Structures are given as structure tokens and as C-alpha cells.
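J.: Residue numbers for the sequence shown follow the numbering used here, beginning at 34 and rising by one. This is the structure I have questions about; it appears just below.
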Amino acid sequence: MRKIGLLLWLIFLSCLSIQAQHRLRIQVLDDIYARPVSNARVIVNTVSYVSNDEGRCMATILNDTAHIEFDLDSTEFKMSILVPEDTSIVITMPELVAYQAVVIHKEKSTGIIRSNSYVLDETSLKNAILPGGTFDPIHLLLKLPGISNSQEMNAGLNIRGGGAYSTSIYWNDIPIPNLSHSMGFVSLFDINAIRKIEYFTSDVSSFYGNRGSSYIKFISKEPSLIKNNTAVTASPFLVSVNSNIPIVKNKVGVNLSIRKSILSNTYNYFLIPLFTDFYDISIQTRVVLNKNNSILINYLDNYDRKNPLEFGSNDAFNDSNIYRFRSISLRHEGVIGNRLSWSNILYFTDFENQFLKINYNFLSISTTSKEWNYKSVLSKEFDHAKYKAGIELSHNNFKNTTFLSSDSMPNKTGFESGSVFLDYSYQGRKLKFNLNQRLNNERYQSDFYALYEYRTGVEYSFLGKHKAFVGLNRFVNNKQTVSEGLIGKPNDYSFYCDYKSILPQTTRESQMGVLLNPKKVNIAVTIYQRNIQNVYDFINLFGNDYYQRTNLASGTAISKGIETATHLNIGTRSSIDVNYTYSRTKYLNNYINHGQEYAANYDRPHNGSINYTTRRKKTLWNLNFVLESGRPFTKPLFKAFYNGPGVTIYSDRNASRLPLYHRLDIGVQFNKKRSKGIERSFGIHIYNAYAHKNIYGVILNYDMNTNKYSYKYLVAFPIMPSFNYRISF
Numbered sequence: 034m035r036k037i038g039l040l041l042w043l044i045f046l047s048c049l050s051i052q053a054q055h056r057l058r059i060q061v062l063d064d065i066y067a068r069p070v071s072n073a074r075v076i077v078n079t080v081s082y083v084s085n086d087e088g089r090c091m092a093t094i095l096n097d098t099a100h101i102e103f104d105l106d107s108t109e110f111k112m113s114i115l116v117p118e119d120t121s122i123v124i125t126m127p128e129l130v131a132y133q134a135v136v137i138h139k140e141k142s143t144g145i146i147r148s149n150s151y152v153l154d155e156t157s158l159k160n161a162i163l164p165g166g167t168f169d170p171i172h173l174l175l176k177l178p179g180i181s182n183s184q185e186m187n188a189g190l191n192i193r194g195g196g197a198y199s200t201s202i203y204w205n206d207i208p209i210p211n212l213s214h215s216m217g218f219v220s221l222f223d224i225n226a227i228r229k230i231e232y233f234t235s236d237v238s239s240f241y242g243n244r245g246s247s248y249i250k251f252i253s254k255e256p257s258l259i260k261n262n263t264a265v266t267a268s269p270f271l272v273s274v275n276s277n278i279p280i281v282k283n284k285v286g287v288n289l290s291i292r293k294s295i296l297s298n299t300y301n302y303f304l305i306p307l308f309t310d311f312y313d314i315s316i317q318t319r320v321v322l323n324k325n326n327s328i329l330i331n332y333l334d335n336y337d338r339k340n341p342l343e344f345g346s347n348d349a350f351n352d353s354n355i356y357r358f359r360s361i362s363l364r365h366e367g368v369i370g371n372r373l374s375w376s377n378i379l380y381f382t383d384f385e386n387q388f389l390k391i392n393y394n395f396l397s398i399s400t401t402s403k404e405w406n407y408k409s410v411l412s413k414e415f416d417h418a419k420y421k422a423g424i425e426l427s428h429n430n431f432k433n434t435t436f437l438s439s440d441s442m443p444n445k446t447g448f449e450s451g452s453v454f455l456d457y458s459y460q461g462r463k464l465k466f467n468l469n470q471r472l473n474n475e476r477y478q479s480d481f482y483a484l485y486e487y488r489t490g491v492e493y494s495f496l497g498k499h500k501a502f503v504g505l506n507r508f509v510n511n512k513q514t515v516s517e518g519l520i521g522k523p524n525d526y527s528f529y530c531d532y533k534s535i536l537p538q539t540t541r542e543s544q545m546g547v548l549l550n551p552k553k554v555n556i557a558v559t560i561y562q563r564n565i566q567n568v569y570d571f572i573n574l575f576g577n578d579y580y581q582r583t584n585l586a587s588g589t590a591i592s593k594g595i596e597t598a599t600h601l602n603i604g605t606r607s608s609i610d611v612n613y614t615y616s617r618t619k620y621l622n623n624y625i626n627h628g629q630e631y632a633a634n635y636d637r638p639h640n641g642s643i644n645y646t647t648r649r650k651k652t653l654w655n656l657n658f659v660l661e662s663g664r665p666f667t668k669p670l671f672k673a674f675y676n677g678p679g680v681t682i683y684s685d686r687n688a689s690r691l692p693l694y695h696r697l698d699i700g701v702q703f704n705k706k707r708s709k710g711i712e713r714s715f716g717i718h719i720y721n722a723y724a725h726k727n728i729y730g731v732i733l734n735y736d737m738n739t740n741k742y743s744y745k746y747l748v749a750f751p752i753m754p755s756f757n758y759r760i761s762f
């Protein structure tokens, strides 16, 4: 009887094994790892999730592509699928496949390194502790190679030798102005509202912008269709609320995200002057029409008053010093047939930037921009290739009014553009190739202008896990932003090209690098060079025509550097990231600096960071060290007098540089287990823990007696402790 029972038991286990070959049901919240046995190619073409009661919530593919493919002779297969809590993944295989093991893996990385991009996924975002407790996720991006911001706690990002305007930033495919403004980013809210951040250095699909030289894509969490949950976070600086509200189960859901600064106007925190008053509101509504079609409606509103340190005045908090951005978008995602998908997005944006500054001359600048944009994309996938084609139509009304002393200069531009783009990508076992092309036809006044852009890249895998890649790119930007580099903090002044006095900026970039993946370590090294044409800069640093087009001259620029990124897992609980970039950006203009080469305002040769994260049972510790070269600026030497007011004599353009910037941030988060549906956490963060006096700007004083200038450095945040309390239910 024992032998018969043992035989029946073995037959029962064999049946289970055969059943497992057809379907895998896995309780998972993060990544799936599967180790195959047989040597064959299999395509996973059905990925869906079901609820615990076996009722289907929604038949959809949740990963980034329409299907997943992998070689069964590979060492490891990984795919990232985001699912609601308390759900199961069902993977249906078209062939019989036996697995050694399927395990749940908690990603410990603070950044997933790819050959041409970096990804901060949901798990790594949870492991991040932000300055001030709940500041914007822009500070996570500053830990990645090649990225710096224009000043302390500022939103403008400079990447690979490009100004802030050269970097495209998208929030759910809505373009966000990447301008220098005070306490952080635009409408990124509580970090728990974000699902993923992708930073593309180059080789970006034209569907993702192709307007800037680099691209940053922020993807928010979609509204839940099943579960109602709310999270509230408070710190001395701001309070944020993120709430998911299912309206019709499995059909309609709403996500509400709000941030509001607590302290405003003129105030002090630990005797440190702080500088902003802002709010952010985002309302997302998701509607599931059927198993193949869904709609996402997003409303965005950001309001930000300016920084008094930025203007050198305590009276900066008034209605004329504001930054406001609003948008509403409608996005449709649908599946037409086998591996054929269609997406549409229509958005409207309204942007306003006004400020008043008293510095040698009375200056008032007002910038407004209203734009609508429609984009339609059709994607078709094959076993090894993917095609993507689409059109984009847009209309923009841009108005820039400058008032300087008794002189004023309005600049109003209205232009339309139509674009067609075609993307092709191929992925084999060892070779990967992509080609993105875009043709823009733009109309300014009554004239039409054609602009052609392309991005191409080749990636080759060798020795199993390692990769080598090269890329060639050409991109065009019809918006010129000029920064002066003399005063404490450089201010940006924007001009849209009119194809006559202001031409579009064109950039050609080449890059090559390797991605090494030995056990527990990821190492990426990239070398790049950019040659830029039609780079505009101010001829004179002062004068009544300082901010007018008549004072602009066109030149060339070259940017080149090397970027390194290393990620190391230490055991199962800790990780360390070391990033370093050496780069130079030089301008050459016949009318400036005696025709000699000079450094760009955002030229910072050295940029590095070390980030250490460790997670214990109920605590998360984070240490982050940042080191960066100071930005260049131009010193005035003395005044020359001849039959009238004096004329300031300067040193060579951007020949001086601020001191080296460095700081250490320490953070710890205490988490309490969920009890009765409520989860709590308390965090402490020390920004600039060793109180180094980092200099972010210069104030100039002229002494008439000695006919010389003296300099006073501006220092912000010698040390800034903070805390936050979070409750979710």
C-alpha cells in the first residue's frame, strides 16, 4: 500500500508539473525572475492580472511593450510588471516550458542602468529619502551622471553641456517648462504619486520629444480601479496628499495629488532665509472602455512665487514675481489587432512667468505661452522588430515683454508646426538597432521651414551580460535661451527663432560606451561629444539694449565629456551608487571675448555623487555625498570715465569660477507595520550635515573712491535639518 500511495503521489506531482508548464500564477508586487531549463525561444504574449476571487479585473498588458520575449538558454529572464496590491500575475505560455524556479525579487537598486538611459523604478523611489522630508524628486536625478542644476534648490536642469532649455521634461507625455525657479520641480508632488522616472541620454524615440538634447520622462501612478487609499505627508516646509478613489469598480478611477507649502512670504527656519510659496494640483481620471481601450484625463496646475535670494531683495514676494503652469490632457490607449496598438494624446498648456528685479537697472520681464498639441502614434510589433509611426500638430502663441528703465521691448511670436516621424527598432540575441527620424514643417508668419532630426544607435551584447553601444544624433531646437553670467544667479531669457535674426539651434552628437554587468555590480562608461551651431549669447553685459535681440550674437559651441556610473549590491539589504562626470562646454563667438573660446555659463567640469542605502527591518538609512565644480562668472574690474558716465571694464568672459560645491545629506525613515489598515512612517533628514558654506552666487559692490569692485558671496543652507510624518490608509 505504501508503494501504491507513493506511486500515486508521484503521478499527482507530475500532473502539477505539467500544469505549471502551461500557466504560472505568482503572487507578486515587484519583479519576476524565471530560470528556464530547455533550450528554445518562447514569446510570452499574454500577461494579465486577476483578483483574489478569480474575477478578471482588467485584461491588459501592463509592461512597456506588447509582448515579452527571451531566450531559454539565457541565464536569467526578468520582466517588470506593476500590479495592484493583493493580486496575482497570470502568465500564459504558448509552448510547454519547464522552470527550475520562479522567485520574487525586491529591487534594491536606486537606479537601473541601461545602455542609453537610467530608470528609477517604483521600488527604488520608495528607498529614496528627499531633502526637507518631501522635496521634489529632482534631487534624485541630480545623483545620476551628467546632470546638474543651475543653483541650490533650483528646478532648472543642465545635462551634457546643454542649458536647461535643451532638456525636454515630460510629465505623463505633457511637456513641462524646464526653467530656473525656486524650491524644486513642477508638479511632481509627493514621491508616492510617481511610478517611474526614465532619463534618456540620447537615442530617444521621436514620440518622446526629440526637441531637447536629453529627455526625462516622469510617469505617475495611474488611478486605482479597485482599492481606495490615501496618503498624507507633512514636514516643516509643505504638506502633500495623494488619494486614489475608485468611482466605478474596474471601470473608472480618480487620483488626486496636492502639495502646498506651509511657510510663505518672508520667514526663517533655523535662522535660514527660505524662499518660496507654491502649490501643485494634479487630478487624473482613468476610464476603461473595454479590454482593449482606455482613456486617461489629466489636469495640472502649478503656482510658484519667487525666491528673494534670487533677486537680492526682501520684497520679492508680490504678485509680479510668479511662475504658473497649467495644462489639461486627454490620452487614449488602444489595441487594434495582433501586436498592433494605437495611442492619441491631446493637450493644452498655459504658461506664465513674470518677475521684477532691481539690479543696476529696473527690470521687468513677462513671458506667456499658450499651446495646444495633438499627437497620434501607431505601433506594430514583430518577433524581432518594432515599427512606430505618427504625426504631431501644434500651435503656440509666445509673448515676451521686457521693460528696462525707460526702454521696453515686446516680442510676440505665433507659429504652427506639423511633424511626421518613423521609428524602427530591431532586437536579436546579441544585436540591437534603432533608428528614429522626424521631419518638422514649421510656419512662422507666412514662411515655412523644414527641419530634419534623427537619432540612431547600435548595441552589441558580448560575453553574456555585457554590452557595447554607439550612437549618432541630430536634433534641432527652435527656442533660444540666453543666460547672463555676471550677477549672483544667472537669469534665463528666452527667444523663439524667427529664422532671420534668430536661427534654430542645431546639434550633432556622437557617443560610445560599454555596460558591464559582473555579479552584483553594474558599471556604465560613456564618452560623448556635441557640436552645436547657432548658439546665441549677449555681446555686452550691460547697457539699455542688454536684454534686446540687437545685443545677441551667434556662435558655435562644443561639449564633450565622459560619464561613469557604478552600482553595487552589498548583501540583500544595502547598495551603493558612485557616479562621476568630467565634461567641458566651450563657446566660440567672433563678437565676444575677443573671438577667443570661453566657458559656457553651465560649464562645470567635475560632477560626482556617492549614494549609500541600507534597509533594516523597520528603518531605511540613506547617505548621499555630492561634489560639483562651481559655475563660471565674469568679474567687473573698474570703470573708465570719459565725458560722461563711467563704462565698466570686465575681465575675460566667464574667466572666474565659484568655489567647489560639496555637501553630505543624511536621512533615516522609521516605518511602522500596517495595523487595522493604517500605515505610518516618520523620517529625519539633515541637508548639508557638516554645514559647509556652499556659494551659489555673487553680489557686486562698486567703490567710487577706489574705482574698484568688491565681491560678496551668497551662501544658502549651511545646514538644514527637517522631518516628515506620513500616514496612509
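Just so it is clear, CB atoms sit at the ideal spot from N, CA and C, and this is done for glycine as well. A quick note: this is a predicted structure, and the numbers were derived from the prediction, not measured.
Compare the C-alpha of K741 against each of D531, K324, K672 and name the closest.
T.: The residue given as residue 741 occupies position 708 in the sequence shown. Considering only alpha carbons, the answer is K672.
J.: In angstroms with no decimal places, state the Cα-to-Cα distance between E385 and N644.
T.: As a position in the sequence shown, residue 385 is number 352, starting the count at 1. As a position in the sequence shown, residue 644 is number 611, starting the count at 1. Near 36 Å, if we compare the C-alpha coordinates of N644 and E385.
J.: By Cβ distance, which residues of its chain are closer than 8 Å to F768, with the 5 residues on each side in sequence left out?
T.: Lying outside 34 to 762, the shown extent of the chain, residue 768 is not represented and no answer is given.
J.: Please classify P208 as buried or exposed, where buried requires at least 16 neighbouring CB atoms within 10 angstroms.
T.: What you label residue 208 is simply residue 175 of the sequence shown in a count that begins at 1. That one is buried.
J.: Between the C-alpha atoms of N655 and T647, what's the straight-line distance to the nearest angstrom?
T.: Indexing the sequence shown from 1 puts residue 655 at position 622. Indexing the sequence shown from 1 puts residue 647 at position 614. Roughly 7 Å between the two C-alpha positions.
J.: What I want to know is whether the C-beta of T589 ends up closer than 7 Å to one or more non-hydrogen atoms of the ligand FAD.
T.: By its list of ligands, the structure shown contains no ligand whatsoever, and the ligand FAD lies outside what it can speak to.
J.: Per DSSP, which residues does S450 bridge with? Please list them.
T.: As a position in the sequence shown, residue 450 is number 417, starting the count at 1. S450 pairs with S427, E475.
J.: Whole-angstrom Cβ separation of S327 and E366, contact assumed at under 8 Å?
T.: In the sequence shown, the residue the question calls residue 327 occupies position 294. In the sequence shown, the residue the question calls residue 366 occupies position 333. 5 Å between Cβ atoms; contact.
J.: Starting from I259, follow the alpha helix (DSSP H) in both directions and report where the run begins and ends.
T.: For this step, residue 259 is matched to residue 226 along the sequence shown. Neither: I259 is in no alpha helix (DSSP H) and is coded neither H nor E.
J.: To which residues of the same chain is E486 closer than 6 Å at the C-beta, ignoring the five residues directly before and after it?
T.: What you label residue 486 is simply residue 453 of the sequence shown in a count that begins at 1. Counting only Cβ-Cβ distances below 6 Å, and skipping sequence neighbours, we find N243, R471, R507, F508, V509.
J.: Can you name the residues that DSSP bridges to Y457?
T.: Counting from 1 along the sequence shown, the entry for residue 457 is found at position 424. Answer by DSSP bridge pairing, in chain order: Y420, L468.
J.: Pick helix, strand or coil for G628, following the three-state DSSP scheme.
T.: As a working note, residue 628 is residue 595 in the sequence shown. Correct three-state label for G628: helix.
J.: What residue does the beta strand (DSSP E) around T200 start on, and which one ends it?
T.: To locate residue 200, count along the sequence shown from 1; it is residue 167. 200-204 is the span of the beta strand (DSSP E), which, as asked, contains T200.
J.: How would you label L693, buried or exposed, when you count the other beta carbons within 10 angstroms and need 16 or more for buried?
T.: The count along the sequence shown starts at 1 and reaches residue 693 at position 660. Per the 10 Å Cβ criterion, exposed.
J.: Assign N704 to one of three DSSP states: helix, strand, or coil.
T.: Residue mapping note: residue 704 aligns to position 671 of the sequence shown, counting from 1. Three-state DSSP puts N704 in a strand.
J.: With DSSP as the reference, label N644 as helix, strand or coil.
T.: Residue 644 sits at position 611 when you count from the first residue of the sequence shown. Strand, per DSSP.
J.: According to the neighbour-count rule (16 or more other Cβ atoms, all chains shown, within 10 Å of its Cβ), is H138 buried or exposed?
T.: What you label residue 138 is simply residue 105 of the sequence shown in a count that begins at 1. Note that H138 scores a pLDDT of 34, beneath 50, so its modelled location is shaky; the value from the coordinates is reported in the next line. H138 comes out exposed.
J.: When DSSP labels each residue in this structure, what does I171 get in the three-state scheme?
T.: Indexing the sequence shown from 1 puts residue 171 at position 138. Helix, per DSSP.
J.: Tell me whether Q629 is buried or exposed, calling it buried when 16 or more other Cβ atoms sit within 10 Å of its Cβ.
T.: Mapped onto the sequence shown, residue 629 falls at position 596. The residue is exposed, with fewer than 16 neighbouring Cβ atoms inside 10 Å.
J.: Report the rounded CA-to-CA distance for S276 versus T263, giving the unit in angstroms.
T.: Here residue 276 refers to the residue found at position 243 of the sequence shown. Here residue 263 refers to the residue found at position 230 of the sequence shown. If you take the alpha carbons of S276 and T263, they lie about 4 Å apart.
J.: What first and last residue would you give for the alpha helix (DSSP H) that runs through L505?
T.: One-based indexing of the sequence shown puts residue 505 at position 472. It is not in any alpha helix (DSSP H) - L505 instead sits in the beta strand (DSSP E) that spans 499-510.
J.: Alpha helix (DSSP H) containing K159: first to last residue?
T.: Locating residue 159 in the sequence shown gives position 126, where the first residue counts as 1. It spans 155-159 - the alpha helix (DSSP H) in which K159 sits, taken as one unbroken run.
J.: Using 8 Å as the threshold, is the C-beta distance between F233 and N149 below it?
T.: Within the sequence shown, numbered from 1, the residue matching residue 233 stands at position 200. Within the sequence shown, numbered from 1, the residue matching residue 149 stands at position 116. Taking 8 Å as the Cβ cut-off, F233 and N149 qualify as a contacting pair.
J.: Looking only at its chain, what residues have a beta carbon closer than 6 Å to the beta carbon of Y735, apart from the 5 residues adjacent to it on each side?
T.: In the sequence shown, residue 735 corresponds to position 702, counting from 1. Counting only Cβ-Cβ distances below 6 Å, and skipping sequence neighbours, we find Y742.
J.: Considering Cα atoms alone, identify which of Y561, N261, V368 is closest to R541.
T.: By one-based count along the sequence shown, residue 541 stands at place 508. That would be Y561, whose Cα lies nearest to the Cα of R541.
J.: Counting along the chain, where does the beta strand (DSSP E) carrying M753 start and finish?
T.: As a working note, residue 753 is residue 720 in the sequence shown. Residues 753-761.
J.: Pull up the DSSP beta-bridge partners for A590, would you.
T.: Residue mapping note: residue 590 aligns to position 557 of the sequence shown, counting from 1. In the DSSP output, where bridge partners are listed per residue, A590 has I565, Y620.
J.: Please report the distance separating the alpha-carbon of V321 from that of E712.
T.: Here residue 321 refers to the residue found at position 288 when the sequence shown is read from its first residue. Here residue 712 refers to the residue found at position 679 when the sequence shown is read from its first residue. Those two C-alpha atoms are separated by around 30 Å.
J.: Within the same chain, show all residues whose beta-carbon is closer than 6 Å to that of F303, passing over the 5 residues directly before and after it, in chain order.
T.: Here residue 303 refers to the residue found at position 270 when the sequence shown is read from its first residue. Reliability fails at F303, whose pLDDT of 40 lies under 50, so the model's placement of it is uncertain and no value is given.
J.: Which residues does DSSP pair with D531 in a beta bridge?
T.: Translated into positions along the sequence shown, residue 531 becomes position 498. For D531, which the question treats as bridged, DSSP gives no partner whatsoever.
J.: Beta-carbon within less than 6 Å of K705's beta-carbon, same chain only, minus the 5 sequence neighbours each way: which residues are those?
T.: Position 672 of the sequence shown, counted from the start, is the residue given in the question as residue 705. Excluding positions up to five away in sequence, the list reads R713.
J.: By Cβ distance, which residues of its chain are closer than 6 Å to R364, with the 5 residues on each side in sequence left out?
T.: By one-based count along the sequence shown, residue 364 stands at place 331. Cβ neighbours of R364 beyond the five flanking positions: L329, I378.
J.: State the Cα-Cα distance for the pair D698 and H718, rounded to the nearest angstrom.
T.: As a first step, residue 698 must be located in the sequence shown, where it is residue number 665. As a first step, residue 718 must be located in the sequence shown, where it is residue number 685. If I take the Cα positions, the gap works out to 7 Å.
J.: Helix, strand or coil for I572 per DSSP?
T.: One-based indexing of the sequence shown puts residue 572 at position 539. Reduced to three states, the DSSP call for I572 is coil.
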